[in-house]
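*Asks:* Residue numbers (my numbering): 122 to 554. Every residue, glycine too, gets a C-beta built ideally from N, C-alpha and C.
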Amino acid sequence: MGSENEHTVMLPLMAHGHLIPFLALAKQIHRSTGFKITIANTPLNIQYLQNTISCANPNSPEKFNVNLVELPFCSLDHDLPPNTENRELVFGSSTFFGWAVDVAKSAGTTNVTFITGGAYGTLAYTSMWFNLPHRKTNSDEFTLPGFPERCHFHITQLHKYWRMADGSDDWSKFMQPNITQSFQSYEMLCKTAEDIEPGALQWPRNYTKLPVWTIGPLLPQSYLKKSFFNLQQHSGKNPGVNPEKIIEWLDLHHPGSVLYISFGSQNTISSSQTMELAIGLEASAKSFLWVIRPPVGFDLRGEFRSERLPEGFEERIEETKQGLLVRNWAPQLEILSHKSTGAFLSYCGWNSALESLSQGLPMIGWPIAAEQTYNSKMLVEEMGMAVELTRGVQSTIVGHDVKNVIEMVMDEAGKGQEMKAKAEKIGRQIRHQ
122 MGSENEHTVM
132 LPLMAHGHLI
142 PFLALAKQIH
152 RSTGFKITIA
162 NTPLNIQYLQ
172 NTISCANPNS
182 PEKFNVNLVE
192 LPFCSLDHDL
202 PPNTENRELV
212 FGSSTFFGWA
222 VDVAKSAGTT
232 NVTFITGGAY
242 GTLAYTSMWF
252 NLPHRKTNSD
262 EFTLPGFPER
272 CHFHITQLHK
282 YWRMADGSDD
292 WSKFMQPNIT
302 QSFQSYEMLC
312 KTAEDIEPGA
322 LQWPRNYTKL
332 PVWTIGPLLP
342 QSYLKKSFFN
352 LQQHSGKNPG
362 VNPEKIIEWL
372 DLHHPGSVLY
382 ISFGSQNTIS
392 SSQTMELAIG
402 LEASAKSFLW
412 VIRPPVGFDL
422 RGEFRSERLP
432 EGFEERIEET
442 KQGLLVRNWA
452 PQLEILSHKS
462 TGAFLSYCGW
472 NSALESLSQG
482 LPMIGWPIAA
492 EQTYNSKMLV
502 EEMGMAVELT
512 RGVQSTIVGH
522 DVKNVIEMVM
532 DEAGKGQEMK
542 AKAEKIGRQI
552 RHQ
C-alpha cells in the first residue's frame with residue numbers, strides 16, 4: 122500500500138501538555154512517511170491546535186497538512202464550567218485512553234500508545250494507580266512495583282485522589298482498566314531519549330512487557346540550535362507582555378543571572394504560597410522572570426491582582442529591574458534559551474523539564490499534580506541537577522527558605538556549580554542527538 126493511503130489517527134488527552142507533543146509527533150510522522158494524519162479532540166482544543174498550526178513560521182519550506190476532527194463535547198455534562206474542556210488535574214500518559222486499543226482492534230488496525238511523559242514519571246504514575254501501594258503499608262514510605270528496591274516513594278508524593286483511592290472508588294475504577302488495556306497496545310512510544318533516562322527506560326519495558334521506543338524530546342530544531350524562531354509559533358497563545366519586551370528585559374541582565382518561574386498553563390499555587398514566594402525572591406536579590414497567575418480558588422484565566430503580593434513589591438522590582446512579572450503566558454522556549462537565564466523554578470511537567478534540560482539549566486522543583494512529583498524525584502535523585510523546594514498547593518513555605526534555595530541553585534560555586542555542570546552535560550547530549 123502506498124504511503125498516500127496510510128492513515129494515522131491520534132487521540133491526545135484534552136490538555137495542552139499533551140496536545141503539543143502529539144502535534145510535534147504528527148509532524149515528524151508526516152515528514153518521514155507522508156502518511157495522512159488525523160487528530161481528534163474536543164472543539165476548544167481543536168481550535169487551539171488550529172491556532173498553533175497557523176502561528177508556525179510562514180517562511181518554512183515544510184508544508185504540513187493535518188485533518189483536525191472535533192468530537193462532540195458538552196462541558197456541563199461533565200460538571201465543568203461553560204466553555205471549559207480541561208480539568209485542573211491532568212496526567213502525563215496516554216494510558217488514559219486504554220479503550221483505544223479495542224477501537225483499533227475493531228477497525229482491524231494497530232494501536233500504539235504515545236507516552237507524552239518520561240519513562241520514570243509515567244511508570245511511577247501507572248504503577249501507583251495500578252497497585253495502590255500506600256494501602257498495603259502503615260508507613261509513609263513504600264516501594265513501588267516496577268522500580269528497584271532502592272527507590273522509595275513517600276505519601277506526600279500522592280495527590281489527594283490517590284491517597285483516598287482504595288480500588289473501589291471512581292478514580293480507581295476508571296484508571297485501572299484503562300491502564301490494563303493500554304498495556305495491550307502493540308508498542309509504546311515515549312517522549313524521551315536513551316541519553317536522558319538510560320536506566321529508567323528499561324524499567325517500563327520490564328514492567329509492561331511491551332516494546333518501549335524513544336522518539337526524543339520533540340523540540341524545535343531552531344530551539345535546540347538557539348537560533349531565531351517565531352516567538353508564538355509553539356503555542357498559539359497571546360502573551361501577557363509583548364515577547365520582544367521580555368527579550369529586551371533579559372538582554373539587560375548578565376549571562377546566567379535570571380531565575381525563570383512558571384507553573385505551566387493549567388497550574389497555580391495558593392495565595393499564601395504566592396506571598397512567600399515573592400518575599401523570598403526579593404530577599405534573594407537575584408533577578409527573576411515570573412509568569413504569574415491568580416492563586417488557587419480564583420479563575421486561572423482572570424487577571425492577577427497586585428494586592429496578592431507584598432505591598433510595593435511590583436513597583437520595587439520594576440524600578441530596580443530585579444524582576445519582571447508576566448501575566449497569562451510568556452514565550453518559554455525563548456526565555457529558557459536566552460543567555461541570561463540561569464535556572465528554572467518549575468512545576469516539573471515533562472515538557473517543561475525537557476525544555477530546561479535541553480538548555481543545560483538546573484531546576485528548582487515545585488511539583489503540583491499528576492506525575493510531576495515523580496519527574497521531580499528523578500531530576501533530583503537520578504540526574505542530580507535539581508532540588509525540590511516544596512510539593513503541591515497545600516504545603517507551607519516561608520520566604521526565608523525560598524531565599525536560601527534560590528541562592529544555593531544560582532550560586533556559581535558549591536552545590537549550584539555541581540548542578541549546573543550535570544545539567545549542561547545532559548543538555549549537550551540532547552542537542553547533539
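Look up Tyr568 in the DSSP assignment and say whether it is helix, strand or coil.
*Replies:* With the chain covering only 122 through 554, there is no way to say anything about residue 568.
*Asks:* Taking only the alpha-carbon atoms, compute the straight-line gap between Gly138 and Gln387 and give it to the nearest angstrom.
*Replies:* Using only the alpha carbons, I get a separation of about 9 angstroms.
*Asks:* Just to confirm my understanding: we take Phe349, look at its own chain, exclude 5 residues before and 5 after, and list those with CB closer than 6 angstroms. What are they?
*Replies:* Note on Phe349: pLDDT 49, under 50, position unreliable in the model; the coordinate value appears next. Once the five neighbours on either side are set aside, Phe349 has no close Cβ partner at all.
*Asks:* State yes or no: is the C-beta of Ser467 within less than 7 angstroms of the C-beta of Ile551?
*Replies:* No.
*Asks:* Rounded to a whole number of angstroms, what is the C-alpha to C-alpha distance between Val130 and Leu170?
*Replies:* About 15 angstroms.
*Asks:* Considering Glu308, what are the terminal residues of the beta strand (DSSP E) in which it resides?
*Replies:* Where Glu308 is concerned, the enclosing beta strand (DSSP E) stretches over Glu308 to Cys311.
*Asks:* Between His273 and the rest of its own chain, which residues show a CB-CB distance below 8 angstroms, the 5 nearest in sequence each way excluded?
*Replies:* Only Glu262, Phe263 and Thr264 meet the Cβ criterion.
*Asks:* Ile158 bridges to which residues according to DSSP?
*Replies:* Its beta-bridge partners are Thr129.
*Asks:* Hey, quick one: how far does the beta strand (DSSP E) through Ala245 stretch, first residue to last?
*Replies:* Not the beta strand (DSSP E): Ala245 falls in the alpha helix (DSSP H), residues Ala240 to Asn252.
*Asks:* Report yes if the CB atom of Glu476 is closer than 7 angstroms to the CB atom of Leu500, and no otherwise.
*Replies:* Not in contact: Glu476 and Leu500 (Cβ atoms no closer than 7 angstroms).
*Asks:* Touch check for the segment 374-386 and the segment 399-418: three-plus C-beta pairs under 8 angstroms?
*Replies:* The segment 374-386 is in contact with the segment 399-418.
*Asks:* Measure how close the beta-carbons of Pro371 and Ser473 come, nearest whole angstrom, since I'm counting them as under 8 angstroms.
*Replies:* First, the amino acid is wrong: residue 371 is Leu here, not Pro. Rounded, the Cβ-Cβ distance is 18 angstroms, inconsistent with contact.
*Asks:* Pairs of beta-carbons, one from the segment 428-444 and one from the segment 533-553, closer than 8 angstroms: are there three or more?
*Replies:* Not touching, per the Cβ criterion.
*Asks:* Between Arg284, Asn232 and Thr277, which has its C-alpha nearest Ser516's C-alpha?
*Replies:* Checking every option, the nearest Cα to that of Ser516 belongs to Thr277.
*Asks:* From what residue to what residue does the alpha helix (DSSP H) around Val530 run?
*Replies:* Here the alpha helix (DSSP H) through Val530 covers Gly520 to Met531.
*Asks:* Going by DSSP, which residues form a beta bridge with Thr335?
*Replies:* In the DSSP output, where bridge partners are listed per residue, Thr335 has Cys311.
*Asks:* Once DSSP output is grouped into helix, strand and coil, what is the label at Trp450?
*Replies:* Coil.
*Asks:* Applying the criterion that 16 or more other CB atoms from any shown protein chain within 10 Å of the CB defines a buried residue, is Phe425 buried or exposed?
*Replies:* That one is buried.
*Asks:* If you draw a straight line from the C-alpha of Leu210 to the C-alpha of Met529, how long is it?
*Replies:* Model confidence at Leu210 stands at a pLDDT of 31, short of 50, so the residue's coordinates are unreliable and nothing is read from them.
*Asks:* When the Cα of Trp411 is compared with those of Ser391, Phe419, Gln453 and His375, which residue comes out closest?
*Replies:* Trp411 has its Cα closest to that of Gln453, out of Ser391, Phe419, Gln453 and His375.
*Asks:* Mind pulling the beta strand (DSSP E) runs of 3 or more residues that sit fully within the segment 441-490?
*Replies:* Whole beta strand (DSSP E) segments, 3+ residues: 444-448, 462-467 and 484-486.
*Asks:* Ordered along the chain, which non-local residues of its own chain (more than five positions away) have a Cβ less than 6 angstroms from that of His128?
*Replies:* So the qualifying residues of the chain are Lys157.
*Asks:* Could you check the C-alpha separation between Val233 and Val333 for me, to the nearest Å?
*Replies:* Their Cα atoms are separated by approximately 10 angstroms.
*Asks:* Whole angstroms are fine: how far does the CA of Ser175 sit from the CA of Thr243?
*Replies:* Going from the Cα of Thr243 to the Cα of Ser175 covers about 31 angstroms.
*Asks:* Mind checking which residues open and close the beta strand (DSSP E) that includes Val508?
*Replies:* Run containing Val508: Ala507 to Glu509, per the beta strand (DSSP E) assignment.
*Asks:* Thinking C-beta only, is Gly520 closer than 7 angstroms to Ile390?
*Replies:* No, the pair does not count as a contact, with Cβ atoms beyond the cut-off.
*Asks:* Exposed or buried, Met106, counting other C-beta atoms within 10 Å across all chains shown (16 or more means buried)?
*Replies:* Only positions 122 to 554 of the chain appear in the structure, and residue 106 is not among them; the question remains open.
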